[in-house]
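Chemist:
Residue numbers (my numbering): 6 to 249.
What follows is the structure, encoded as structure tokens:
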């Protein structure tokens with residue numbers, strides 16, 4: 006029993022260490038990128054609007070860092086984190102993630118399209134679903150060499166093994182992922198491996214969050230049998246229903 010408690014405590018510590026380290030690294034990278042953009046705009050353009058946008062990105066990142074510290078402090082126990090799972094409408098969080106990503110990659114031609122989906126769909130989750138959306142989108146953009154980056158987001162409700170899920174598909178035209186790597190990209194530590202072939206950044210963290218929601222994640226080829234045409238990241242999260 007004591008060994009089980011020790012293992013659970015260790016896993017909690019590892020989860021929050023990964024969450025904090027990964028998100029802080031993203032925040033610092035975003036601030037650095039925004040500062041580089043600011044220098045470019047100052048030297049080559051009189052477009053005041055772009056400079057204001059860059060300033061807003063930096064401010065948003067500082068606020069995000071403060072919120073991250075606050076959230077981790079509040080959720081210092083995994084059981085507490087699990088108890089915070091409740092029915093949430095994800096559409097505003099998805100919109101927030103898309104807006105943030107578009108500002109983060111101002112220098113890229115990013116076209117994200119959310120296909121129409123059924124009104125009032127809710128999932129069982131919490132505020133960390135934002136981390137899931139952002140990490141999937143960042144991955145799709147960073148590992149994409151096309152002049153125009155296209156990401157299609159499809160959302161629908163399905164039943165699997167008698168459980169109602171909301172199914173999210175993030176379909177990109179990036180480098181794709183070879184079959185032999187499709188399973189291991191969600192394992193902790195794989196983000197440290199060479200990224201050639203679209204190795205995912207922070208996908209182990211995404212999987213951990215989804216497992217706490219009793220959700221699932223997998224990746225398929227955008228075009229079946231040809232991984233070089235891009236990826237389709239499929240996420241299943243239990244739907245918040247009266248009988249589920």
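Glycine included, every Cβ here is placed at the ideal spot set by N, Cα and C.
Name the two residues that bound the continuous beta strand (DSSP E) containing residue 118.
Modeler: Its beta strand (DSSP E) spans residues 114–119.
Chemist: Could you name the residues that DSSP lists as bridge partners for residue 174?
Modeler: Note: residue 174 sits in a beta bridge opposite 159 and 239.
Chemist: Mind checking residue 139: buried by the 16 CB within 10 Å criterion, or exposed?
Modeler: Its Cβ being crowded by 16 or more others within 10 Å, residue 139 is buried.
Chemist: Let me know if residue 264 comes out buried or exposed under the rule of 16 or more other beta-carbons within 10 Å of its beta-carbon.
Modeler: This structure cannot settle anything about residue 264, because the visible part of the chain is limited to 6 through 249.
Chemist: Indicate whether the contact test is met: 3 or more Cβ pairs, each with one atom in the segment 110–119 and one in the segment 179–193, closer than 8 Å.
Modeler: Touching, no.
Chemist: Would you mind working out which of 40, 47, 57 and 156 sits nearest residue 237, comparing C-alpha positions?
Modeler: Selected option, being the one with the closest Cα: 156.
Chemist: How is the alpha helix (DSSP H) around residue 134 delimited, first residue to last?
Modeler: It spans 134–147 - the alpha helix (DSSP H) in which residue 134 sits, taken as one unbroken run.
Chemist: With a Cβ-Cβ cutoff of 8 Å, do residue 122 and residue 160 count as a contact?
Modeler: Contact: yes.
Chemist: Are the beta-carbon atoms of residue 128 and residue 95 separated by less than 8 Å?
Modeler: Yes, Cβ-Cβ distance for residue 128 and residue 95 is below 8 Å.
Chemist: Return yes when the Cβ of residue 242 is within less than 8 Å of the Cβ of residue 130, no when it is not.
Modeler: Against a cut-off of 8 Å, the Cβ pair of residue 242 and residue 130 comes out as a contact.
Chemist: Just tell me which of 231, 228, 182 and 168 has its CA closest to the CA of residue 245.
Modeler: Of the candidates 231, 228, 182 and 168, the one whose C-alpha sits nearest the C-alpha of residue 245 is 168.
Chemist: The alpha helix (DSSP H) spanning residue 107 covers which residue range?
Modeler: Element bounds for residue 107: 96–109.
Chemist: Where do the ends of the alpha helix (DSSP H) carrying residue 225 lie?
Modeler: No alpha helix (DSSP H) holds residue 225; the beta strand (DSSP E) holding it covers 221–228.
Chemist: So residue 59 packs on residue 42, CB below 8 Å; how close in whole Å?
Modeler: So it is a contact: roughly 5 Å between Cβ atoms.
Chemist: How is residue 150 classed by DSSP in three states: helix, strand or coil?
Modeler: Residue 150 falls in the coil class under three-state DSSP.
Chemist: Is residue 179 helix, strand or coil when you go by DSSP?
Modeler: Residue 179: coil per DSSP, three-state reduction.
Chemist: Please list, in chain order, all residues of the same chain as residue 195 whose beta carbon is under 6 Å from its beta carbon, the five residues on each side excluded.
Modeler: Annotation note: pLDDT 47 at residue 195 (below 50); position unreliable, coordinate value reported separately. Here the set comprises 189.
Chemist: Around the Cβ of residue 273, are there at least 16 other Cβ atoms within 10 angstroms (buried) or fewer (exposed)?
Modeler: Nothing about residue 273 can be reported from this structure: the residues present for the chain run from 6 to 249 only.
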